[in-house]
Structure formats: structure tokens, C-alpha cells
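J.:
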Amino acid sequence: MKPTLLLSDLHLAPERPATAAAFHAFTRGPARGAAGVYILGDLFDSWVGDDQCREPFARQVVESLRALTHAGVPVYVARGNRDFLLGGDFARATGAILLGEQTIVDIHGTRTLLSHGDEFCTGDLAYQRYRAWARDPARQRRLLRLPYRLRRWVAAWMRRGSRSATARKPESILDVDAGAIEGAFRANGITRMIHGHTHRPAHHALVVDGTPRERIVLADWDDRGHFVEIDAAGLRNHEVDG
Ligand SMILES: [Mn+2]
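In the working numbering, the protein residues as written are 360 to 601.
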């Protein structure tokens with residue numbers, strides 16, 4: 360039985376060539392033997408619209424994904440807070456399937472909730488206000504009508520604001536909220552969830568309503584890649600170098 364591979368928060372950007380090299384190595388190597396590959400948000404550090412596919416750096420990422428899907432490996436991509444503008448043209452160019460905000464899939468017998476994870480950071484009210492604003496489809500359409508260069512400028516300007524705001528926030532509100540996590544387990548009737556976003560990789564065991572549950576937090580990528588492999592034998596962490 361082929362394994363399912365999950366990863367998130369690669370934050371691919373031209374300024375971080377080692378991370379991109381690890382990604383290309385991942386798509387040529389371990390991903391080829393997978394039953395499916397789930398990228399749970401923030402594949403790109405910044406995505407201002409699918410016309411970004413024409414940039415040389417993005418085109419290489421698109422080509423690596425297309426080679427993988429052409430080899431017969433299903434690739435699923437969730438949007439993160441950095442690349443929430445990933446759309447249909449990106450999906451067509453790569454052959455990947457875009458996921459909704461939360462998806463429940465059966466992974467080797469366990470119904471598993473997959474998401475980027477930022478929706479669970481409910482303690483950060485300013486971020487949640489921004490998130491609701493940014494994820495509004497009408498606003499996204501308006502944003503995408505702006506010239507490409509202007510969108511690039513707006514994204515860079517917002518990134519600077521986000522970095523200084525994050526630096527001022529207490530650690531606790533940048534992590535998931537325990538009540539939001541319990542609510543998601545309860546509402547979906549699941550025992551496992553996997554998400555990224557917080558850059559706090561872990562396997563948490565918890566009990567909700569008397570039932571044991573697990574929450575797997577995926578690692579963000581640095582000069583190396585990190586992914587979780589699940590098959591009938593269980594769950595393992597792996598690293599990949601460029
Ligand atoms: Mn994120």
C-alpha cells in the first residue's frame with residue numbers, strides 16, 4: 360500500500376533557494392511513490408494571483424507539480440494565509456486539486472480533518488478580522504482586477520505590516536485556541552486532524568468528550584523540507600534536502 364504524504368508552510372520564494380531545491384527534490388523523489396500528496400497551505404510565501412505562474416520562480420514550482428501529477432500522483436493543495444489567491448489557472452497548470460478550507464478524507468482507515476489551521480487561531484482577533492476580509496470572494500475578485508505590479512506592491516506592504524504586528528503579539532494568541540480545536544473535533548466527529556500554519560510541529564494526543572483524539576501539526580520548511588508519511592503501519596516524520 361502506497362503512503363500518503365502531507366506537508367505545509369514551505370513558503371517558497373526566490374530568496375530561499377535551498378527550500379525550493381528541497382521542494383523540487385521532494386517532487387522528484389519521495390512524492391513519486393505516494394498514493395497522494397497533500398500540501399496544506401502556504402506553498403508560496405506570497406501569491407498575488409495566478410498570473411504569477413509566468414514568473415520564472417513560480418513556473419519552476421508549477422512544472423515540478425505538473426511532472427508529479429503527470430506521473431499519476433494525485434496532488435491536493437489547500438490555500439494558506441500567504442497564498443489564498445491560488446486559483447483555477449494554477450490548478451489547471453499543475454494538475455493539482457484545490458481543497459476547500461477544511462476537508463475530511465479517509466487516510467488509511469482514519470477519517471482525518473485537513474486544513475491550513477489559521478482558522479483555529481481564534482485568540483488573535485485582529486488576524487481573524489483580516490482573514491475574514493481577505494477570504495471574501497468579492498474582495499478577492501476586486502483585488503485580482505488590479506494590475507499585477509500593484510498587487511505585488513500591496514502584498515509586500517501587507518507583509519511588512521503583518522511582521523511588525525506579529526512581533527508585538529503575545530505567543531499564546533499566535534497558537535491555536537484549545538476551544539476551537541475541541542469544537543472542530545466535536546462538530547466533525549473525527550479523531551484526527553492535521554494542519555500547519557503555526558510553525559509548531561507536534562503530535563498532540565488529547566481527549567474530547569471521553570474519546571482519544573490526535574492533532575498533528577506539520578513543520579514549516581527551512582533549508583530542508585519536512586513531511587509526514589502515513590500508511591497502514593502508522594505515521595512517520597521525514598526530511599528532504601535539495
Ligand atoms: Mn500560514
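Ideal placement from N, C-alpha and C gives every residue a C-beta, glycine not left out.
Note that the coordinates shown come from a computational prediction; the quantities given were computed from them, not determined experimentally.
Does the stretch 575-593 come close enough to the stretch 379-398 that 3 or more CB-CB pairs lie under 8 Å?
T.: Flag = yes, the stretch 379-398 and the stretch 575-593 touch.
J.: Along the chain, where does the alpha helix (DSSP H) containing I654 start, and where does it finish?
T.: The chain is shown from 360 up to 601; residue 654 falls before or after that span and cannot be answered.
J.: If you drop the 5 nearest sequence neighbours on each side, which residues of the same chain put their C-beta closer than 6 Å to that of Y507?
T.: Cβ neighbours of Y507 beyond the five flanking positions: D410.
J.: Does the beta-carbon distance from R413 to G454 come in below 8 Å?
T.: No.
J.: Does the beta carbon of H585 fall short of 7 Å from some heavy atom of ligand 1?
T.: Flag unset: Cβ of H585 not near ligand 1.
J.: Where does V432 land, buried or exposed, given buried means 16+ other C-beta within 10 angstroms?
T.: The residue in question, V432, is buried, as its Cβ has 16 or more Cβ neighbours within 10 Å.
J.: Could you give the residue range of the alpha helix (DSSP H) that holds D448?
T.: Here the alpha helix (DSSP H) through D448 covers G447 to T453.
J.: Give me the Cα-Cα distance between G544 and L371, rounded to the nearest whole angstrom.
T.: In the sequence as presented, Gly is not what sits at residue 544; that position holds Phe. Distance between the alpha carbons of F544 and L371 is about 31 Å.
J.: Under the rule that 16 or more other beta-carbon atoms within 10 Å means buried, what is N596, buried or exposed?
T.: Under this definition N596 is an exposed residue.
J.: On the three-state DSSP scale, how would you describe I540?
T.: I540 falls in the helix class under three-state DSSP.
J.: So the candidates are A592, T557 and I549; which of them puts its Cα closest to the Cα of D534?
T.: When each option's Cα is compared against that of D534, the closest is T557.
J.: Using DSSP's beta-bridge definition, name the partner residues of G395.
T.: Paired residue(s): T363.
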